[in-house]
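Protein chains: 2
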Amino acid sequence: MENVTIRMLAERLQLSTATISKALSNSHEISEETKQRVLALATELNYVPNPYASSLRKKSSHTIAVVIPEVADSFFAEAINGIESVAQEKGYHVLIYLTHESFGKEQAILKDFQSGRVDGVLISVTTETAAAAHGLAQLVKEIPVVFFDRVCEEVTAARVTTDDANAAYNATAHLIAGGCRNIGLLSASRHLSISNRRAEGFRQALADHQLPLTDTSILYCSNEPAETRQLLKTALQQNHYDGLIATTEKLATAVYLACEELSLAIPGDVQVIGFSNLSTARFLQPSLTTVSQPAFDMGHAAATVLFKALKSSSFPLQEQQQVIPSSLIIRNSTKAL
Amino acid sequence: MENVTIRMLAERLQLSTATISKALSNSHEISEETKQRVLALATELNYVPNPYASSLRKKSSHTIAVVIPEVADSFFAEAINGIESVAQEKGYHVLIYLTHESFGKEQAILKDFQSGRVDGVLISVTTETAAAAHGLAQLVKEIPVVFFDRVCEEVTAARVTTDDANAAYNATAHLIAGGCRNIGLLSASRHLSISNRRAEGFRQALADHQLPLTDTSILYCSNEPAETRQLLKTALQQNHYDGLIATTEKLATAVYLACEELSLAIPGDVQVIGFSNLSTARFLQPSLTTVSQPAFDMGHAAATVLFKALKSSSFPLQEQQQVIPSSLIIRNSTKAL
DNA sequence: TTTATTTACTTAACCGATTAAGTAACACGG
DNA sequence: CCGTGTTACTTAATCGGTTAAGTAAATAAA
Numbered sequence: 000m001e002n003v004t005i006r007m008l009a010e011r012l013q014l015s016t017a018t019i020s021k022a023l024s025n026s027h028e029i030s031e032e033t034k035q036r037v038l039a040l041a042t043e044l045n046y047v048p049n050p051y052a053s054s055l056r057k058k059s060s061h062t063i064a065v066v067i068p069e070v071a072d073s074f075f076a077e078a079i080n081g082i083e084s085v086a087q088e089k090g091y092h093v094l095i096y097l098t099h100e101s102f103g104k105e106q107a108i109l110k111d112f113q114s115g116r117v118d119g120v121l122i123s124v125t126t127e128t129a130a131a132a133h134g135l136a137q138l139v140k141e142i143p144v145v146f147f148d149r150v151c152e153e154v155t156a157a158r159v160t161t162d163d164a165n166a167a168y169n170a171t172a173h174l175i176a177g178g179c180r181n182i183g184l185l186s187a188s189r190h191l192s193i194s195n196r197r198a199e200g201f202r203q204a205l206a207d208h209q210l211p212l213t214d215t216s217i218l219y220c221s222n223e224p225a226e227t228r229q230l231l232k233t234a235l236q237q238n239h240y241d242g243l244i245a246t247t248e249k250l251a252t253a254v255y256l257a258c259e260e261l262s263l264a265i266p267g268d269v270q271v272i273g274f275s276n277l278s279t280a281r282f283l284q285p286s287l288t289t290v291s292q293p294a295f296d297m298g299h300a301a302a303t304v305l306f307k308a309l310k311s312s313s314f315p316l317q318e319q320q321q322v323i324p325s326s327l328i329i330r331n332s333t334k335a336l
Numbered sequence: 000m001e002n003v004t005i006r007m008l009a010e011r012l013q014l015s016t017a018t019i020s021k022a023l024s025n026s027h028e029i030s031e032e033t034k035q036r037v038l039a040l041a042t043e044l045n046y047v048p049n050p051y052a053s054s055l056r057k058k059s060s061h062t063i064a065v066v067i068p069e070v071a072d073s074f075f076a077e078a079i080n081g082i083e084s085v086a087q088e089k090g091y092h093v094l095i096y097l098t099h100e101s102f103g104k105e106q107a108i109l110k111d112f113q114s115g116r117v118d119g120v121l122i123s124v125t126t127e128t129a130a131a132a133h134g135l136a137q138l139v140k141e142i143p144v145v146f147f148d149r150v151c152e153e154v155t156a157a158r159v160t161t162d163d164a165n166a167a168y169n170a171t172a173h174l175i176a177g178g179c180r181n182i183g184l185l186s187a188s189r190h191l192s193i194s195n196r197r198a199e200g201f202r203q204a205l206a207d208h209q210l211p212l213t214d215t216s217i218l219y220c221s222n223e224p225a226e227t228r229q230l231l232k233t234a235l236q237q238n239h240y241d242g243l244i245a246t247t248e249k250l251a252t253a254v255y256l257a258c259e260e261l262s263l264a265i266p267g268d269v270q271v272i273g274f275s276n277l278s279t280a281r282f283l284q285p286s287l288t289t290v291s292q293p294a295f296d297m298g299h300a301a302a303t304v305l306f307k308a309l310k311s312s313s314f315p316l317q318e319q320q321q322v323i324p325s326s327l328i329i330r331n332s333t334k335a336l
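These protein sequence lines are chains B and U, in that order.
Taking numbering that gives the first Met the number 0 as reference, the numbering of the first sequence is continuous, increasing by one, and the terminal residue is 336.
Taking numbering that gives the first Met the number 0 as reference, the numbering of the second sequence is continuous, increasing by one, and the terminal residue is 336.
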């Protein structure tokens with residue numbers, strides 16, 4: 000059995016394809032009676048319109064893209080959840096692209112979007128994404144783009160972020176209140192604006208508490224788990240941190256692993272705070288004090304603002320800047336309070 | 000600046016659109032010199048072909064769909080990872096659909112696939128998906144479909160699963176070896192074949208060890224976290240289980256939560272095994288004994304077999320049945336060994 | 001030399017839906 | 001009775017590639 004097309008419906012009903020098309024889109028040009036007949040036959044034959052024919056003609060795909068570094072991270076997983084909930088409600092389709100923290104892959108993916116494959120893009124950039132991200136600046140001019148979490152500050156575009164500097168400041172202050180004097184910030188990237196803002200909050204907190212910022216205070220980690228693990232172990236042995244802030248979920252578990260391997264007690268030897276959305280954080284040994292980002296809400300917010308732009312081209316998308324607060328959830332990997 | 004089309008290239012080079020099209024696809028009908036000129040202009044003008052025009056004509060979308068219950072679960076997240084790695088390598092695009100365990104949503108999603116939107120489907124069905132899943136049987140006839148993990152046994156189709164019955168048998172035997180005599184199996188669904196196969200392994204293990212199977216041995220949980228939580232607490236208080244097998248990741252954390260609230264010690268009062276891929280399982284308090292599924296590999300295998308079918312229509316996709324073993328990782332939430 | 005074949009194109013139909021423009025039939029006001 | 005609208009359609013162009021079929025020129029084979 001062939002695929003049912005509008006033309007087949009037209010022939011069966013002795014009508015033109017135009018009439019069928021209009022009837023199915025409930026046009027006022029078509030009589031009620033004809034609409035009924037068309038609809039009846041369409042359901043009888045199980046007609047499903049070809050989305051690509053429609054996309055080609057209407058120049059809109061009813062599809063959005065989500066571009067993220069990885070999916071096996073509870074932040075991104077929950078963010079997708081939030082995005083998908085909005086997309087499903089609006090009847091849009093969601094394409095997923097994983098960059099695996101590779102700027103090259105990211106660029107290739109973004110270039111493809113110039114084809115009109117998607118009506119809009121939600122993106123959280125890679126740790127490698129450089130300041131002069133030319134592809135991004137270009138893309139933003141062509142189709143609606145919303146950055147979430149990992150934004151690119153050099154590009155003027157809609158953004159949904161958390162209060163990174165604040166969060167890092169509070170986390171740092173919390174460690175200091177717990178007695179830490181030699182705190183290390185584990186950063187995922189030198190380029191990432193969220194990393195830099197977190198570092199900024201960290202520095203500010205140290206300064207406000209008259210603690211020195213040394214060149215071992217901020218530790219730049221790798222995307223390679225094995226490398227990061229080695230780096231961490233070496234750093235922990237050499238620098239004798241009494242507090243660590245892991246700015247990504249993967250880094251938080253890496254810290255637990257390294258401490259276990261070095262027989263360092265948490266929080267006895269090192270107090271730990273992780274930027275993480277792990278639902279199991281409270282069941283960890285010890286339970287992990289976290290900076291929890293509202294991942295679902297951020298995805299939801301980013302998608303919502305994107306759809307506003309898709310609905311109305313006059314919507315000032317690029318001016319949209321939402322900051323959704325994250326919260327410090329104090330557990331047993333830190334001592335204060 | 001308008002979008003660059005093949006026609007624009009044709010006009011600039013005083014060639015027909017056919018020549019451009021063939022040159023870009025490296026057809027033997029076109030001279031090397033012309034190919035060079037076309038390619039040069041294409042890159043100069045940053046030509047990106049319209050995928051929908053091509054899809055419409057070629058009746059292939061270079062897109063696959065992944066249909067899963069949820070994404071905020073490390074099994075599914077890692078499976079997506081595996082799928083995406085194959086798709087990216089093959090230059091395919093990946094559409095994600097979340098059913099949120101709703102059979103209705105699943106059906107609506109599947110129906111859309113009759114439109115030719117995707118060339119193939121990878122699916123893990125919902126807990127509600129009934130035996131007579133008519134939509135599925137239909138879909139399998141129309142386009143290549145591969146079930147992974149949560150298969151639909153009534154439908155003849157390619158499958159990538161783990162050895163569920165074995166895994167459950169081993170988990171049960173492990174608990175029995177640790178002294179458990181009143182084990183509860185927390186199941187996510189009555190319909191799901193993986194649930195039933197796990198239950199089967201569970202029953203067999205009980206039988207082989209002369210332990211009774213009572214009507215409280217298998218506890219069917221809800222998709223609602225709140226409901227499940229209440230159900231669990233009630234059951235734990237009434238039935239005095241000394242061992243629990245949580246057959247999903249969410250259920251595993253629910254058990255930890257319930258035990259905490261009821262002040263039940265793990266493994267002192269209740270020993271716990273979870274079907275889970277949580278990277279933090281080893282850091283939980285106590286560390287969780289898990290049945291770990293090779294999620295990435297399963298996604299990878301499912302995608303690989305799907306692409307074989309997409310490449311060659313004579314490939315006997317429906318006969319493909321892969322069972323990838325899961326492993327019991329013994330930690331401190333159980334006593335044996 | 002003539003015919004066959006190859007090379008390097010062009011022409012035009014096509015995929016399936018959408019939509020601007022056109023038309024026939026009928027109603028209605030003046 | 002004429003002109004103006006309205007209703008309910010149809011015709012045909014269009015979106016941007018792809019491809020079967022055709023062609024003119026060059027080359028090879030007979």
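Virtual Cβ for every residue (Gly too), placed ideally from N, Cα, C.
All figures in this text were calculated on a predicted structure; none of them were measured in a lab.
Per DSSP, cross-strand counterpart(s) of residue i
{"i": "B:A64", "result": "B:L94 and B:V120"}
{"i": "U:F112", "result": "According to DSSP, U:F112 bridges with nothing at all."}
{"i": "B:S186", "result": "B:Y219"}
{"i": "U:L283", "result": "B:L283"}
{"i": "B:S194", "result": "In the DSSP output, where bridge partners are listed per residue, B:S194 has none listed."}
{"i": "U:V322", "result": "U:T160"}
{"i": "B:S291", "result": "B:S326"}
Between the CA atoms of residue j and residue i - distance to the nearest angstrom
{"i": "B:I142", "j": "B:G119", "result": "6 Å"}
{"i": "B:S332", "j": "B:D241", "result": "12 Å"}
{"i": "B:R228", "j": "B:Y219", "result": "12 Å"}
{"i": "U:E100", "j": "U:I67", "result": "8 Å"}
{"i": "B:A64", "j": "U:E32", "result": "37 Å"}
{"i": "B:A17", "j": "U:Q106", "result": "29 Å"}
{"i": "U:H27", "j": "U:G81", "result": "36 Å"}
{"i": "U:M0", "j": "B:K310", "result": "Interpretation of U:M0 is limited by its pLDDT of 49, a score under 50 that renders its predicted location unreliable; no figure is taken from the coordinates."}
{"i": "U:A206", "j": "U:R189", "result": "21 Å"}
{"i": "U:T233", "j": "U:K249", "result": "18 Å"}
{"i": "B:D72", "j": "U:I79", "result": "12 Å"}
{"i": "B:N195", "j": "B:H299", "result": "25 Å"}
{"i": "B:L231", "j": "B:H61", "result": "45 Å"}
{"i": "U:L261", "j": "B:S275", "result": "27 Å"}
{"i": "U:S54", "j": "U:T4", "result": "15 Å"}
{"i": "U:F112", "j": "U:Q209", "result": "49 Å"}
{"i": "U:N181", "j": "U:P211", "result": "8 Å"}
{"i": "U:K89", "j": "U:H239", "result": "52 Å"}
{"i": "U:P285", "j": "B:T171", "result": "28 Å"}
{"i": "U:T252", "j": "B:T279", "result": "7 Å"}
Contacting residues, own chain, Cβ-Cβ under 7 Å from residue i (five flanking each side not counted)
{"i": "U:A136", "result": "V154"}
{"i": "U:R11", "result": "L40"}
{"i": "B:G178", "result": "K334"}
Selection from the options that minimises the alpha carbon distance to residue i
{"i": "U:V144", "options": "U:S101, U:E318, U:P68 and U:L327", "result": "U:E318"}
{"i": "B:R151", "options": "B:A176, B:V117 and B:S192", "result": "Note that residue 151 of chain B corresponds to Cys in the displayed sequence, not to Arg. When each option's Cα is compared against that of B:C151, the closest is B:S192."}
{"i": "B:A52", "options": "B:R6, B:I63 and B:L14", "result": "B:R6"}
{"i": "B:A204", "options": "B:Y168, B:A198, B:P211 and B:E226", "result": "B:Y168"}
{"i": "U:L184", "options": "U:G177, U:H190, U:G200 and U:A176", "result": "U:G200"}
{"i": "U:I217", "options": "U:A198, U:N2 and U:H208", "result": "U:A198"}
{"i": "B:G45", "options": "U:F274, U:L14 and U:K110", "result": "Inspection of the sequence shows that residue 45 of chain B is occupied by Asn rather than by Gly. With distances taken between Cα atoms, B:N45 lies closest to U:K110."}
{"i": "U:L305", "options": "U:P266, U:V117 and U:A164", "result": "U:V117"}
{"i": "B:L174", "options": "B:S84, B:F314 and B:A245", "result": "B:A245"}
{"i": "B:S59", "options": "B:V37, B:E43, B:H92 and B:S84", "result": "B:H92"}
{"i": "U:Q13", "options": "U:N25, U:V37 and U:S30", "result": "U:V37"}
{"i": "U:A187", "options": "U:R158, U:S221 and U:D162", "result": "U:S221"}
Contacts around residue i, its chain only, beta-carbon distance under 6 Å, and the 5 residues preceding and following it disregarded
{"i": "U:S326", "result": "S291"}
{"i": "U:K21", "result": "E28 and I29"}
>> Please give me, in chain order, every unbroken run of the alpha helix (DSSP H) with length at least 4 that falls completely inside the segment 200-275 of chain B.
In response: 224-238 and 248-260
> Which ranges would you report for the alpha helix (DSSP H) in the segment 122-178 of chain U if only whole runs of at least 4 residues count?
Replying inline: 133-141 and 163-176
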